[in-house]
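Residue numbers (the numbering used here), protein chains in the order written: chain A, 0 to 148; chain B, 45 to 250.
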Amino acid sequence: MTTEHEEAAFLSALLDGELEGPERVRLQKHLSSCPSCSLELEALRKVKMVLAKAPKKSMPLEWTQTFPQALTAAASPRKTSSRARVFSQSWLIPALVAAAVSFAVSFWIFQSRENFPLRHSLSLNAVSAPSTTVSPLNPGSSQTQDNTP
Amino acid sequence: MIERKEELLDPKRFQDDAARSFRQVEFVALLKNNGDKVYNFAWRLAGNEQDAWDLFQETLMKAYSHFESYDQSRPFDSWLFKILQNVYLDERRRNSRKTVASLDAPSPISGKPWEEILSGTDLNPLERLSKEENADLVQKALAGLPPLYRSAVILCDMEGLSYDAIAEVMDCPLGTVRSRVHQARLLLKKAFEDLSDTLSPDKQLQ
Ligand SMILES: [Zn+2]
Chain A
0 MTTEHEEAAF LSALLDGELE GPERVRLQKH LSSCPSCSLE LEALRKVKMV LAKAPKKSMP
60 LEWTQTFPQA LTAAASPRKT SSRARVFSQS WLIPALVAAA VSFAVSFWIF QSRENFPLRH
120 SLSLNAVSAP STTVSPLNPG SSQTQDNTP
Chain B
45 MIERKEELLD PKRFQDDAAR SFRQVEFVAL LKNNGDKVYN FAWRLAGNEQ DAWDLFQETL
105 MKAYSHFESY DQSRPFDSWL FKILQNVYLD ERRRNSRKTV ASLDAPSPIS GKPWEEILSG
165 TDLNPLERLS KEENADLVQK ALAGLPPLYR SAVILCDMEG LSYDAIAEVM DCPLGTVRSR
225 VHQARLLLKK AFEDLSDTLS PDKQLQ
């Protein structure tokens, strides 16, 4: 049942604990005497639960390779990408950058190897290039597609 | 060649380089703690792993190049969410010139008014689905939402952000967050019902 009561617009806020003061009191009073709004509230609660319980994905381990690579590429004086301007033009900088990031990243992998299975990197390989040939990020050739009708 | 040697010996320059390296490590450390949430947001927003990966990488680069402007007293995840959301919307706008896509307009399913769409509230079939089926349905249902509704409801229900935090990420008033979350849930409710109807009959326990 769909309610046409204007109070219904606040049902999600109530559900999220984001309704306070007189608005909250008024809505709760309305709910105690309105079966259709009560039903609607329950339906919204289910939607919220389904989303909250939906599986999550962790970032693929590829980032530990591609991110330092992308930084190095962006810092390289040979590239004329606008990003390069953020970094120094000296060859020393990319070297330091890559070293620092690689160190931090390897340290992190070492630390979290036990509780971070490689399944995500495997599943990602199925849809992207093999990890050894992942090219540095190129914003101009992003292939993000519009999945929304 | 000689010039380069002088650069190397410049102590000021060396100090700058060291500071920069320190920032890199700092960035990676923050990413280590927040990256999963941000990647999950990218995945739910983009709808598939390939696009999520592109979006995530673009976000990291953008975030890194603006790292100086990050206010350390604020949550790093919200800062990344905001950048990611903007990268996503920019990308969409670039691509949507070909299509007629409105970012915020309520797009009632099959062109019916909201009131008509939202009758019937039986989500029980959905609750009986396996995890895999559920995940697939959730992704499909989310894909059908206008992007700003999708963002709001993902941040609220999947990332656990408060309305205040969402308002900051989405750069909009609190009332707008409230309305986007609510409308998103109403549309999702309908989408879940429709999608669970399309399941094979043995999946639909009565
Ligand atoms: Zn009512």
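All C-beta atoms in this analysis are idealised placements derived from N, C-alpha and C, irrespective of residue type, glycine included.
Classified as exposed, Thr242 (chain B) has fewer than 16 neighbouring CB atoms from the shown chains inside 10 Å of its CB. Residue state for Tyr114 (chain B) is assigned as coil, using DSSP reduced to three classes.
Using a Cβ-Cβ cut-off of 7 Å, Thr65 (chain A) is close to Gln101 of chain B, given in chain order. For Trp97 (chain B), the nearest beta carbon of chain A is closer than 8 Å to its own beta carbon.
Within 9 Å of the CB of Phe236 (chain B), the CB atoms of chain A belong to Lys45, Val46, Val49, in sequence order along the chain.
With a cutoff of 8 Å on beta-carbon distance, Phe100 (chain B) and Val82 (chain B) are scored as near each other.
DSSP places Lys56 (chain A) outside both helix and strand once states are collapsed to three, so it counts as coil. Within the same chain, and ignoring the five residues on either side of Ser195 (chain B) in sequence, the residues whose Cβ sits closer than 7 Å to its Cβ are Leu89, Gln129, Met214. The continuous stretches of alpha helix (DSSP H) do not include Glu203 (chain B), and DSSP gives it neither H nor E. For a Cβ distance threshold of 7 Å, residue set Lys55, Lys56 of chain A lies close to Asn84 (chain B), ordered along the chain. Fewer than three beta-carbon pairs drawn from the stretch 91–100 of chain B and the stretch 211–229 of chain B are found closer than 8 Å, and the two stretches are therefore not classed as touching.
Taking a contact as a CB-CB distance under 8 Å, the pair Val182 (chain B) and Leu50 (chain A) counts as one, their CB atoms being some 7 Å apart.
Between ligand 1 and the CB of Ala73 (chain A), the shortest heavy atom gap is not smaller than 7 Å. Only exposed fits Asp54 (chain B), as fewer than 16 other CB atoms lie within 10 angstroms of its CB. Interface flag for Leu104 (chain B) against chain A is set, since a Cβ pair is found closer than 8 Å. Taken through DSSP and simplified to helix, strand or coil, Cys33 (chain A) comes out as coil. In the displayed model, Thr71 (chain A) falls within a helix according to three-state DSSP.
Counting only the Cα atoms, Thr65 (chain A) lies some 49 Å from Leu38 (chain A). Taking Leu40 (chain A) as reference, the option from A:Asp15, A:Ala72, A:Pro67, A:Thr71 with the minimal CA-CA separation is A:Asp15. Tyr207 (chain B) and Asp121 (chain B) have their C-alpha atoms roughly 15 Å apart. In this structure, the CA atom of Ala63 (chain B) is about 39 Å from the CA atom of Val221 (chain B). Remark: the shortest separation between the CB of Glu6 (chain A) and any heavy atom of ligand 1 falls under 7 Å. Counted as a single uninterrupted DSSP element, the alpha helix (DSSP H) harbouring Asn77 (chain B) occupies residues 55–90. Look at Ser35 (chain A): its beta carbon is less than 7 Å from one of the heavy atoms in ligand 1. The three-state secondary structure of Gly20 (chain A), taken from DSSP, is helix. Using a CB distance cut-off of 8 Å, Pro21 (chain A) does not count as an interface residue toward chain B.
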